[in-house]
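K.L.:
According to the working numbering, the stretch in the sequence shown is residues 1 to 214, in order.
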Amino acid sequence: QSLLIASLHQLNNVIDAADYDKDRLNSVVAERQVRITEQVVEASEDLIDDLAELEGQVNELKVICERIESSVQVARSSALPMLAERDRLLVEGKKTKSQVEVLEAFNALFNVKEEEVAALESSVSPAFFLALGRVQSVHANCRLLLRSNHRRAGLELMDRMSTLQEKAYENLCRWVQSECSSTSGAASDTGSQGGGGGINPLDSPSSTASAVTQ
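Okay, structure coming up:
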């Protein structure tokens, strides 16, 4: 529109009402049309160059997006096995934890430690009686297994506890007999020194040991 107005102004300057020349007017108009066309072409070329540059940038951006998408796909494919392995390890960890808890509960009810077994076989001491109490407790807990689907294991474990108790009682009986013999010997010596009126020794140390265990 501005170009049209400028052209009209130029026409007004060129045209002289007194000396009207039709051919000159046509020439001026033709020249003006050529200039306008050239300006339009130049503007169009600039626009085409800008569009071409924009298209190039869009294509570059498309290539970058495709590379990013490809990298994401590769990373996802690589991560899937690791995620699956992680899930597997989590499941195994929970299963292992559950098994450990079951094992700890089983040991608390049915296991006798090696040091407790050693205490039963050693000289009578507070540790001996603690170990004997533990064996008796496990022996009683075996009834739980007898009432379950693990009857055979319960019988085997009960038999083992019975064996340990028998050995412990034998050890205790020997200790009681030894203590009674020592006490009787000391009493006899004291009686002899006092004129023969000593204390009679125990007739059956094993009977005393049985009474102690009960």
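A virtual CB, placed ideally from N, CA and C, is assigned to each residue, including glycine.
Cα separation between residue 38 and residue 53?
P.N.:
What you label residue 38 is simply residue 38 of the sequence shown in a count that begins at 1. What you label residue 53 is simply residue 53 of the sequence shown in a count that begins at 1. Looking at the two C-alpha atoms, the distance is approximately 22 Å.
K.L.:
Taking 8 Å as the threshold (C-beta atoms), are residue 177 and residue 135 in contact?
P.N.:
On the sequence shown, position 135 is the one that residue 135 refers to. On the sequence shown, position 177 is the one that residue 177 refers to. Taking 8 Å as the Cβ cut-off, residue 135 and residue 177 do not qualify as a contacting pair.
K.L.:
Residue 167: which of 30, 121, 146 sits nearest, CA to CA?
P.N.:
Counted from its first residue, the sequence shown places residue 167 at position 167. Minimum Cα distance to residue 167 is reached at 121.
K.L.:
With burial defined as no fewer than 16 other Cβ atoms inside 10 Å of the residue's Cβ, what is the status of residue 128: buried or exposed?
P.N.:
Position 128 of the sequence shown, counted from the first residue, corresponds to residue 128. Buried, by the Cβ-count rule.
K.L.:
When the Cβ atoms of the region 150 to 164 are set against those of the region 101 to 117, are three or more pairs found closer than 8 Å?
P.N.:
As far as the Cβ criterion goes, the region 150 to 164 touches the region 101 to 117, which means the pair count is three or higher.
K.L.:
Ends of the alpha helix (DSSP H) at residue 117?
P.N.:
The sequence position of residue 117 within the sequence shown is 117, counting from 1. Taken as a continuous stretch (DSSP letters only), the alpha helix (DSSP H) holding residue 117 covers 114 to 121.
K.L.:
Using the Cα positions of residue 74 and residue 99, report the straight-line distance between them to the nearest angstrom.
P.N.:
Along the sequence shown, one-based indexing puts residue 74 at 74. Along the sequence shown, one-based indexing puts residue 99 at 99. One C-alpha to the other measures close to 38 Å.
K.L.:
Hey, how far is the Cα of residue 149 from the Cα of residue 104?
P.N.:
Within the sequence shown, residue 149 is the residue found at index 149, counting from 1. Within the sequence shown, residue 104 is the residue found at index 104, counting from 1. Near 19 Å, if we compare the C-alpha coordinates of residue 104 and residue 149.
K.L.:
Please specify which runs of the alpha helix (DSSP H), each continuous and at least 4 residues long, are wholly inside the region 86 to 147, giving them in chain order.
P.N.:
DSSP runs (the alpha helix (DSSP H)) wholly in the region 86 to 147: 114 to 121, 126 to 146.
K.L.:
Give a yes or no on whether the C-beta atoms belonging to residue 180 and residue 161 are separated by under 8 Å.
P.N.:
Position 180 of the sequence shown, counted from the first residue, corresponds to residue 180. Position 161 of the sequence shown, counted from the first residue, corresponds to residue 161. No, the Cβ-Cβ distance between residue 180 and residue 161 is not below 8 Å.
K.L.:
Residue 138 to residue 118, Cα distance in whole Å?
P.N.:
The residue you call residue 138 lines up with position 138 of the sequence shown. The residue you call residue 118 lines up with position 118 of the sequence shown. Approximately 16 Å between the Cα atoms of the pair.
K.L.:
Please confirm whether residue 124 and residue 171 have their CB atoms less than 8 Å apart.
P.N.:
Along the sequence shown, read from residue 1 onward, the residue named residue 124 stands at position 124. Along the sequence shown, read from residue 1 onward, the residue named residue 171 stands at position 171. Going by C-beta atoms, residue 124 is nearer than 8 Å to residue 171.
K.L.:
Reducing DSSP to helix, strand and coil, say where residue 196 ends up.
P.N.:
On the sequence shown, position 196 is the one that residue 196 refers to. Caution is warranted here: a pLDDT of 43 is assigned to residue 196, below 50, making its placement in the model unreliable, and no coordinate value can be reported.
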